[in-house]
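Visitor: For the sequence shown, position 254 (counting from the first letter as 1) is numbered 290 according to our numbering, and the numbering increases by one without interruption.
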Amino acid sequence: MRRAGLVTIVWLGIVWSPAVNAGVDAATGPCIVHGTIVETITVYDSAQGGEASVLLTGTQRWLELSSFAAKATRVHLKSGTTKPSLRVDGFADWSSVSIGSQHDVVVASPLLSIRATVPLRLVESGGTVTASPRNPTFRDVSATVTCSDLRIAKANAAPPPPSGGSPRISVGKSIALFAEPKGTPALTLEHAGEPSAVGFSAYESINGFVRVRLVRDVLLDGWVRQSDLVAPGPTGLGTVGTFGMGSGWGTSGSSQYAQRDTEVRLGPTPTATLAGTLEKGARVVRWGGTKNKAPWIEIRIFDSDAREPPGKAFFVREGDLGSKAP
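This is the structure in structure tokens:
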């Protein structure tokens with residue numbers, strides 16, 4: 037994205053629905069974004085490669101996300117609950133976490149902003165946090181944000197296109213955006229995907245320019261050359277779908293309690309991948325099976341939204357469990 041000088045105007049606000057109990061670390065220092073789980077997250081034991089150690093689901097788990105390095109494919113994750121359960125410290129793929137801003141993030145006022153609640157990708161460097169859409173319409177669209185404006189939040193569906201306009205699509209791989217219907221472009225935006233997938237709403241026309249608006253991961257309002265747009269074909273534009281999640285398993289075996297904080301491994305050895313820490317008082321189901329190898333036994337965490345990855349199992353030391361809550 038290339039820029040020129042611009043004037044300043046404030047965008048109209050967009051309603052944002054934060055996750056329950058969402059918050060941001062108020063202390064100075066590295067940016068830490070807090071909130072609760074809004075989608076299934078696979079946790080790994082390493083920032084690169086490594087092994088899947090835990091599946092986190094449900095909405096009762098608090099999260100802390102940090103370590104937003106420029107070329108990192110994963111973020112640092114910490115998670116737990118308000119009652120004794122499995123406490124997790126690991127890494128999650130960027131694609132599995134949703135961090136959004138409370139407010140629209142102005143990229144180039146009044147022409148372009150990143151929409152509130154859109155899943156963001158963050159880069160933290162030298163005390164500055166830069167945000168860009170995780171699934172961008174245009175390449176290289178980013179802006180500086182403050183950590184206190186960030187939340188873990190489920191992305192809301194994009195609002196409908198602005199009313200009263202005529203549908204138009206771009207004819208090229210990039211489109212020049214003007215602050216007024218004359219002069220030189222203020223921005224040149226390069227499409228991240230197929231131009232035909234991006235539907236603009238066109239309004240007034242003046243001297244070979246058209247006023248357009250766009251509501252997707254970005255909010256766009258400006259002028260483009262009339263020659264850069266065409267009416268869409270008869271197939272029209274695509275729609276954005278939604279998805280859900282759900283899982284569950286039954287229990288079989290004896291119920292016991294963690295007598296102290298104890299490590300949870302993905303195998304019956306002290307060198308197996310660490311899944312997390314089973315907190316004192318956490319209720320588990322002692323799982324009978326051929327994989328048990330003294331002193332390690334297989335467990336299921338009772339009434340928990342932290343699950344073992346497919347094909348794997350949780351193990352703890354048998355001596356750290358007891359029949360009564362501590």
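Using N, Cα and C, we set each Cβ at its ideal position, and we do this for glycine too.
(1) Go through its chain and collect everything with a Cβ distance to V161's Cβ below 7 angstroms, but skip five positions before and after it.
(2) Buried or exposed: where does V90 fall if 16 or more other Cβ atoms within 10 Å of its Cβ makes it buried?
(3) Which one of T164, S82, L148 has the shortest CA to CA distance from C183?
(4) Anyone know if the C-beta pair for R301 and L310 falls short of 8 angstroms?
(5) Give every residue of the same chain whose Cβ lies closer than 6 angstroms to the Cβ of C67, excluding the five residues on either side of it in the sequence, and list them in chain order.
(6) Express the C-alpha separation of D356 and P404 in angstroms, rounding to a whole number.
(7) Please confirm whether V111 and V141 have their CB atoms less than 8 angstroms apart.
(8) Residues in its own chain within less than 6 angstroms of V124 by CB, not counting five upstream and five downstream?
(9) Quick one: measure Cβ to Cβ for T298 and R336, integer angstroms, because I've assumed they're closer than 8 angstroms.
(10) Say yes only if the C-beta of T153 is nearer than 7 angstroms to one or more non-hydrogen atoms of the ligand NAD, and no if none qualify.
(11) Between L147, T153, V143, which lies nearest to G24 when the distance is taken from Cα to Cα?
(12) Would you decide whether E216 is buried or exposed? Buried here means 16 or more other CB atoms lie within 10 Å of its CB.
(13) Where I188 and T72 are concerned, what is the direct C-alpha to C-alpha distance, given to the nearest angstrom?
(14) Relative to the alpha-carbon of P346, which residue among A88, A108, G65 has its alpha-carbon at the smallest distance?
(15) Which value, in whole angstroms, describes the spacing of the CA atoms of A342 and L147?
(16) Considering just the uninterrupted stretch of the beta strand (DSSP E) at I242, what are its terminal residues?
(17) Are there 16 or more other CB atoms within 10 angstroms of the CB of S206, so buried, or fewer, so exposed?
(18) Taking P155 as the reference, which of S168, A144, N328 has the closest Cα?
(19) Kindly indicate which three-state DSSP category Q262 falls into: helix, strand or coil?
(20) Return the residue from the list A233, S103, A83, P268 that minimises the CA-CA distance to H70.
(21) Can you look up P231 in the DSSP assignment and give me helix, strand or coil?
(22) How many angstroms separate the CA atom of E344 from the CA atom of L101?
(23) With L213 as the anchor, note down where its beta strand (DSSP E) starts and where it stops.
(24) If you run the structure through DSSP and keep just helix, strand and coil, what is E126?
(25) If distances are taken between C-alpha atoms only, which option among W332, S132, Q295, N328 comes closest to S121?
(26) DSSP puts A167 in a beta bridge; with which residues?
(27) Exposed or buried, what is E240 when buried is set at 16 or more other beta-carbons lying within 10 Å of its beta-carbon?
Guide: Walking through what the data contain:
(1) Translated into positions along the sequence shown, residue 161 becomes position 125. Sequence inspection shows Ser at residue 161; the Val mentioned does not correspond to that position. So the list reads A106, once near-sequence residues are dropped.
(2) The residue given as residue 90 occupies position 54 in the sequence shown. Buried: at least 16 other Cβ atoms inside 10 Å.
(3) Against the sequence shown, residue 183 aligns to sequence position 147. Comparing Cα-Cα distances from C183 to each of T164, S82, L148, the minimum goes to T164.
(4) The sequence position of residue 301 within the sequence shown is 265, counting from 1. The sequence position of residue 310 within the sequence shown is 274, counting from 1. Going by C-beta atoms, R301 is nearer than 8 angstroms to L310.
(5) As a first step, residue 67 must be located in the sequence shown, where it is residue number 31. Answer for C67: E160, V165, C183, listed in chain order.
(6) The question about residue 404 has no answer here: the residues shown for the chain are numbered 37 through 362.
(7) Counted from its first residue, the sequence shown places residue 111 at position 75. Counted from its first residue, the sequence shown places residue 141 at position 105. The answer is no: Cβ separation not under 8 angstroms.
(8) Stepping through the sequence shown from its first residue, residue 124 is reached at position 88. Only residues of its own chain outside the window of five on either side were considered, and among them V79, V90, S115, G312 have a CB closer than 6 angstroms to the CB of V124, listed in chain order.
(9) On the sequence shown, position 262 is the one that residue 298 refers to. On the sequence shown, position 300 is the one that residue 336 refers to. T298 to R336, Cβ: 15 angstroms. No contact.
(10) The model depicted lacks the ligand NAD and carries no ligand whatsoever.
(11) Lying outside 37 to 362, the shown extent of the chain, residue 24 is not represented and no answer is given.
(12) Against the sequence shown, residue 216 aligns to sequence position 180. It is exposed - the Cβ of E216 has fewer than 16 other Cβ atoms within 10 Å.
(13) As a working mapping, residue 188 is identified with position 152 in the sequence shown. As a working mapping, residue 72 is identified with position 36 in the sequence shown. Distance between the alpha carbons of I188 and T72: 7 angstroms.
(14) One-based indexing of the sequence shown puts residue 346 at position 310. P346 has its Cα closest to that of A88, out of A88, A108, G65.
(15) By one-based count along the sequence shown, residue 342 stands at place 306. By one-based count along the sequence shown, residue 147 stands at place 111. Looking at the two C-alpha atoms, the distance is approximately 43 angstroms.
(16) Here residue 242 refers to the residue found at position 206 when the sequence shown is read from its first residue. Residues 236-242.
(17) The residue given as residue 206 occupies position 170 in the sequence shown. Burial is judged here by how many other beta carbons sit within 10 angstroms of a residue's own beta carbon; S206 has at least 16 and is buried.
(18) Here residue 155 corresponds to residue number 119 of the sequence shown, with the count starting at 1. Nearest option by C-alpha distance: S168.
(19) Here residue 262 refers to the residue found at position 226 when the sequence shown is read from its first residue. Secondary structure of Q262 (DSSP, three-state): helix.
(20) Reading the sequence shown from its first residue, position 34 is the one you call residue 70. Distance check between H70 and each of A233, S103, A83, P268 places S103 closest, using alpha-carbon atoms only.
(21) Taking the first residue of the sequence shown as position 1, residue 231 is located at position 195. DSSP places P231 in helix when its eight states are reduced to three.
(22) Translated into the one-based positions of the sequence shown, residue 344 becomes position 308. Translated into the one-based positions of the sequence shown, residue 101 becomes position 65. Answer to the nearest angstrom: the Cα atoms are 21 angstroms apart.
(23) On the sequence shown, residue 213 is found 177 positions in, with the first residue counted as 1. Per DSSP, L213 belongs to the beta strand (DSSP E) from 210-213.
(24) Position 90 of the sequence shown, counting from 1, holds the residue named residue 126. Reading off the sequence shown, one finds Gly at residue 126, where the question assumed Glu. In this structure, G126 counts as strand in the three-state DSSP scheme.
(25) Along the sequence shown, read from residue 1 onward, the residue named residue 121 stands at position 85. Comparing Cα positions, the closest option is Q295.
(26) Along the sequence shown, read from residue 1 onward, the residue named residue 167 stands at position 131. L158, A179, per the DSSP bridge assignment.
(27) Counted from its first residue, the sequence shown places residue 240 at position 204. Exposed, because fewer than 16 other Cβ atoms sit within 10 Å of the Cβ of E240.
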